[in-house]
Amino acid sequence: MGERETLPVAVVRRPLGHRSTNNNPSFEIANNLNYLRSMMNRKNFLSSAGALIASSAIPSFATTDESTPAIIPAYLRKGDLIGITSPAGYITHEEILPAARLMESWGYRIRLGKTIGMRDGTFGGTDTERLADMQQMLNDKEIKAIMCARGGYGSIRIIDNLQWNRFREHPKWIIGFSDITVLHSHILRNFGIASIHSKMCNSFPEVWEKADPVQKETIESIRRALAGEKVQYTAAANPQNRNGTATGILTGGNLKTLETLAGSASDIHTQNRILFVEDTGEYLYSIDRMFWNLARTGKLGHLAGLIIGGFKIKQDDPGEEFGKNLQEIVLEKVKKYKYPVCFDFPVGHQRDNFALKCGVQHKLIVQTGASTLTDRL
Amino acid sequence: MIKTPPYLQPGDTIGIVCPAGYMSLEKAAECIRVLREEWGYNVKIGKTLGGASTTYFSGTDEERLTDLQQMLDDDEVKAILCGRGGYGTGRIIEQLDFKKFKKNPKWIIGFSDITVLHSHLYSNYYIASLHAPMAAAFNEAGYINRYVQSLRSALQGTWARYTCEPHPFNRTGEAIGELVGGNLSLIAHLVGSDSDIKTKGRILFLEDIGEYSYNIDRMMYQLKRSGKLKNLAGLIIGGFTDMKDTERPFGKDVYEIIRDIIEEYNYPVCFGFPVSHEKENYALKIGAGYKLKITKSRVLLEE
């Protein structure tokens, strides 16, 4: 397992006998010792850690505090298993095949959840079926990443019934966006675990060779994120940008989804963080109202930086023209603050939607000319 | 006790403003005529009704704020009727100064986007207000119908007693509590803000228009997950009109969606109560005490 093995082993505060059923946060481990987590992912952890070392020097786990670095699941290695499930909208077998094949070509094994091909109304199976499928993937230690097949709607209907204790003991990557914002928000808020905001199975090209360069790059960005490669993304210049540099944990996602999480157990923390938002098919007035929601629930006051992704705006009805554009809507809400604001960032319901690691420290540089977002792994 | 603004006397003045969307003077003309000639009130027309605005809004934020603020502060004005809803009240709510209003409460009347005002007044100042038809409801002889008439009765201080037909999804029982609620989109949107309402021990009513089924589901989940559906005294589901569905159908209609989300609770619930964006829209006093009695044969809501 390499040189990390030589680092000091740490931390279990309870007798091992409690290990398998434990869901007490204080049991959980150091927040930045990735090596330890990777050890915990290994089956021999229990036996090899037979001699327990209690340590008060290592902070306990509950990382809902905004300043605490998140838990980063182990990056994937060749041969690792990726599960595909539908926590929200329904998808057919045929539709996920291109994604499954391509991820296999990256050297991973793929396991399809039972919800693939299932349908209940707009959902990928009943709530019970979607819950069971996701639960199994969360619990299965062999699965190192869970890709949500598509968004749509439905994650909120199962989130409160998911059991997270196994996932917290063995964090793994959860991948998706749009409705999957519910999952990202929930696990960062409650468990401080990082996840990947990116395209899903339904956005993989049918024939890789025929895909356009941007689509290829965005899909490649998922591969790179899973492999733990350092990434830097660039946003084209926008005269409305507010220049500056920010460092902080990245959080965010679909704006409408974030609004509907307000006041719930999955509501995000934004203090000292870099917040990114995107949305599609909303009227300008509705976008305005959603930004007021962020403002009035205290989410814009103490940001490190703000990233505005793609907003596909629904045309105003004739005679009902809103009269302010997206940039004006955003800037009027943040004019009393000084942090950098970056428009046109390549994230959203669009072709140039790059993989972003929620919960991971990033550096955002907004400047005249192109802006950059770099992860600080 | 909730503070109830004084009821209106003949000759009292009602101010009309548009804190949200634009409304032409012509569209409010019948309302103004009826208020003056048939109901016997004076009417003061705010600058935001039929103003020079060419945008979606009835005026800039500053203009809408100033107009409403003036009406709030004007001792002569005993009630403020919002000409229409639309969108925009949330943009000025935090700049409004309720100091004078708190000392001399007056009725604020409206629904839809005006839910922001109702919720804000209830949660911050504990002052009752009127969720009721607005100016356009008076048009085409609408003012004769019982719903617009219920606004008149409410302003006169007559205690309401509304009945409606039973719905197969109703849960029978009796509830007593303060009435809160309004437009579901706005109630959900306000969660976590300073205008957020408490619902524990209260009778909650909800209505909405033109939303996708999945969005209704999501908003109901937000209310549920933010604890707003748990400890209700009772629940009143009004009209959910012009609902939209996705290309892949949601698989349930809106009343089924709501029924399933509140299945685990035991309080009485009625569906199809006449509070909506349609003509069927009784005047309801936010914050006032009501009794909701749901039997197999009918629904009664009584102040």
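Residue numbers (numbering that gives the first Met the number 0), protein chains in the order written: chain A, 0 to 376; chain B, 0 to 302.
Note that CB positions come from ideal geometry on N, CA and C, so glycine has one too.
Quick check on the burial criterion: 16 or more other C-beta atoms within 10 angstroms. Buried or exposed for residue i?
{"i": "Gln-314/A", "result": "exposed"}
{"i": "Asn-214/B", "result": "buried"}
{"i": "Arg-100/A", "result": "exposed"}
{"i": "Met-0/B", "result": "exposed"}
{"i": "Ile-115/A", "result": "buried"}
{"i": "Ser-118/B", "result": "buried"}
{"i": "Leu-254/A", "result": "buried"}
{"i": "Ser-296/B", "result": "exposed"}
{"i": "Leu-302/A", "result": "buried"}
{"i": "Ile-236/B", "result": "buried"}
{"i": "Arg-201/B", "result": "buried"}
{"i": "Tyr-336/A", "result": "exposed"}
{"i": "Arg-149/A", "result": "buried"}
{"i": "Lys-229/A", "result": "exposed"}
{"i": "Ala-232/B", "result": "buried"}
Find the nearest neighbour of residue i within the set the options, judged by alpha-carbon distance.
{"i": "Ala-135/B", "options": "Gly-271/B, Asp-241/B and Cys-81/B", "result": "Cys-81/B"}
{"i": "Gly-82/A", "options": "Ala-73/A, Ile-71/A, Lys-171/A and Thr-125/A", "result": "Lys-171/A"}
{"i": "Ile-257/B", "options": "Gly-141/B, Met-219/B and Val-76/B", "result": "Met-219/B"}
{"i": "Glu-62/B", "options": "Leu-71/B, Thr-47/B, Asp-72/B and Leu-95/B", "result": "Thr-47/B"}
{"i": "Met-199/A", "options": "Ser-265/A, Ile-286/A, Tyr-107/A and Ile-95/A", "result": "Ile-95/A"}
{"i": "Phe-380/A", "options": "Lys-334/A, Gln-239/A and Ile-186/A", "result": "The shown model of chain A, from 0 to 376, leaves out residue 380/A, and the question about it has no answer."}
{"i": "Asp-79/A", "options": "Ser-85/A, Pro-97/A, Ile-70/A and Trp-105/A", "result": "Trp-105/A"}
{"i": "Leu-347/A", "options": "Leu-299/A, Ile-306/A, Glu-277/A and Leu-355/A", "result": "Checking the sequence shown, residue 347/A turns out to be Gly, not Leu. Checked all of Leu-299/A, Ile-306/A, Glu-277/A and Leu-355/A; the closest Cα to Gly-347/A is Glu-277/A."}
{"i": "Lys-278/B", "options": "Ala-140/B, Arg-32/B, Ile-285/B and Lys-197/B", "result": "Ala-140/B"}
{"i": "Pro-248/B", "options": "Tyr-281/B, Tyr-211/B, Leu-283/B and Arg-224/B", "result": "Tyr-211/B"}
{"i": "Thr-269/A", "options": "Phe-203/A, Ile-306/A and Asp-374/A", "result": "Ile-306/A"}
{"i": "Pro-167/B", "options": "Glu-255/B, Asn-280/B, Glu-36/B and Arg-32/B", "result": "Glu-255/B"}
{"i": "Leu-129/B", "options": "Arg-35/B, Lys-105/B, Gly-20/B and Tyr-142/B", "result": "Lys-105/B"}
{"i": "Asn-292/A", "options": "Ile-195/A, Thr-259/A, Phe-344/A and Tyr-232/A", "result": "Thr-259/A"}
{"i": "Lys-99/B", "options": "Ile-31/B, Phe-110/B, Glu-75/B and Ile-186/B", "result": "Glu-75/B"}
{"i": "Phe-122/A", "options": "Gln-360/A, Lys-113/A and Ser-85/A", "result": "Ser-85/A"}
I want to see whether chain B comes within less than 8 Å of residue i, judged by CB atoms only; does it?
{"i": "Ser-392/A", "result": "Any property of residue 392/A remains undetermined from this structure, which presents chain A solely from 0 to 376."}
{"i": "Asn-324/A", "result": "no"}
{"i": "Thr-63/A", "result": "Only weak support exists for where Thr-63/A lies, its pLDDT of 49 falling under 50; the value from the coordinates is given anyway. Answer no: the Cβ-Cβ gap between Thr-63/A and chain B never drops below 8 Å."}
{"i": "Ser-263/A", "result": "yes"}
{"i": "Thr-296/A", "result": "yes"}
{"i": "Glu-208/A", "result": "no"}
{"i": "Gly-120/A", "result": "yes"}
{"i": "Tyr-74/A", "result": "no"}
{"i": "Asp-266/A", "result": "yes"}
{"i": "Asp-351/A", "result": "no"}
{"i": "Thr-84/A", "result": "no"}
{"i": "Ile-186/A", "result": "no"}
{"i": "Thr-259/A", "result": "yes"}
{"i": "Glu-320/A", "result": "yes"}
{"i": "Tyr-232/A", "result": "no"}
For chain A, check one thing: does any of its Cβ atoms lie closer than 8 Å to the Cβ of residue i?
{"i": "Asp-241/B", "result": "no"}
{"i": "Gly-250/B", "result": "yes"}
{"i": "Ser-225/B", "result": "yes"}
{"i": "Arg-247/B", "result": "yes"}
{"i": "Cys-17/B", "result": "no"}
{"i": "Asp-304/B", "result": "Any property of residue 304/B remains undetermined from this structure, which presents chain B solely from 0 to 302."}
{"i": "Glu-54/B", "result": "Residue identity differs from the one stated: residue 54/B is Thr in this sequence, not Glu. Taking Cβ atoms only, chain A reaches closer than 8 Å to Thr-54/B, which makes this a yes."}
{"i": "Ala-187/B", "result": "yes"}
{"i": "Arg-217/B", "result": "yes"}
{"i": "Val-381/B", "result": "Because chain B in this structure spans residues 0 to 302, residue 381/B falls outside the shown range and cannot be described."}
{"i": "Gly-89/B", "result": "yes"}
{"i": "Tyr-220/B", "result": "yes"}
{"i": "Tyr-121/B", "result": "no"}
Check whether the Cβ of residue i sits closer than 7 Å to any heavy atom of the ligand MG, and report yes or no.
{"i": "Tyr-121/B", "result": "Looking at this structure, you won't find the ligand MG or any other ligand, since it has none at all."}
> Which runs of the beta strand (DSSP E), 3 residues or longer, sit entirely within the stretch 90-117 of chain A?
Replying inline: Assignment of beta strand (DSSP E) within the stretch 90-117 of chain A, counting only whole runs of 3 or more residues, yields 108-111 in chain order.
>> Assess contact between the stretch 149-157 of chain A and the stretch 315-330 of chain A, defined as three or more Cβ pairs (one per stretch) separated by less than 8 Å. Is contact present?
In response: Two segments are said to touch when three or more pairs of C-beta atoms, one from each, lie closer than 8 Å; by this definition the stretch 149-157 of chain A does not touch the stretch 315-330 of chain A.
>> Could you check whether the stretch 160-173 of chain B touches the stretch 268-278 of chain B, counting it as contact only if at least three pairs of C-beta atoms, one from each stretch, sit closer than 8 Å?
In response: As far as the Cβ criterion goes, the stretch 160-173 of chain B touches the stretch 268-278 of chain B, which means the pair count is three or higher.
> Can you give, in chain order, each stretch of the alpha helix (DSSP H) that sits fully within the stretch 239-289 of chain B and has at least 4 residues?
Replying inline: Counting only runs of 4 or more, we get 253-260.
>> Just to confirm the assignment: which complete alpha helix (DSSP H) runs, minimum length 4, are found wholly within the stretch 115-143 of chain A?
In response: Counting only runs of at least 4 residues, the stretch 115-143 of chain A fully encloses the following alpha helix (DSSP H) elements, listed from N- to C-terminal order: 126-138.
> Does the pairing of the stretch 176-191 of chain A with the stretch 222-242 of chain A give three or more beta-carbon distances under 8 Å?
Replying inline: No contact exists between the stretch 176-191 of chain A and the stretch 222-242 of chain A.
> Counting pairs of beta carbons, one from the stretch 89-100 of chain B and one from the stretch 22-40 of chain B, are three or more of them closer than 8 Å?
Replying inline: Put simply, the stretch 89-100 of chain B does not touch the stretch 22-40 of chain B. Fewer than three CB pairs are less than 8 Å apart.
> Quick one: complete beta strand (DSSP E) runs, 3+ long, within the stretch 209-279 of chain A?
Replying inline: Segments of the beta strand (DSSP E) lying fully in the stretch 209-279 of chain A: 231-234 and 243-253.
>> Suppose only complete runs of 3+ residues qualify. What are the beta strand (DSSP E) ranges in the stretch 168-199 of chain A, listed by chain order?
In response: Runs found: 172-175 and 194-196.
> What are the complete alpha helix (DSSP H) segments, minimum 4 residues, inside the stretch 103-164 of chain B?
Replying inline: You should have 114-124 and 145-155.
>> My parser needs the beta strand (DSSP E) runs of 3 or more residues fully inside the stretch 156-207 of chain B; what are they?
In response: Here the runs fully enclosed are 160-163 and 172-182.
>> Any contact between the stretch 176-184 of chain B and the stretch 139-158 of chain B? By contact I mean 3 or more CB pairs, one from each, below 8 Å.
In response: Touching, no.
>> Going residue by residue through the stretch 27-93 of chain B, where are the continuous alpha helix (DSSP H) segments of at least 4 residues, counting only ones entirely within it?
In response: Listed in chain order, they are 60-72 and 88-91.
> So does the stretch 128-135 of chain A actually touch the stretch 192-201 of chain B, counting three or more Cβ pairs closer than 8 Å?
Replying inline: As far as the Cβ criterion goes, the stretch 128-135 of chain A does not touch the stretch 192-201 of chain B, which means the pair count is below three.
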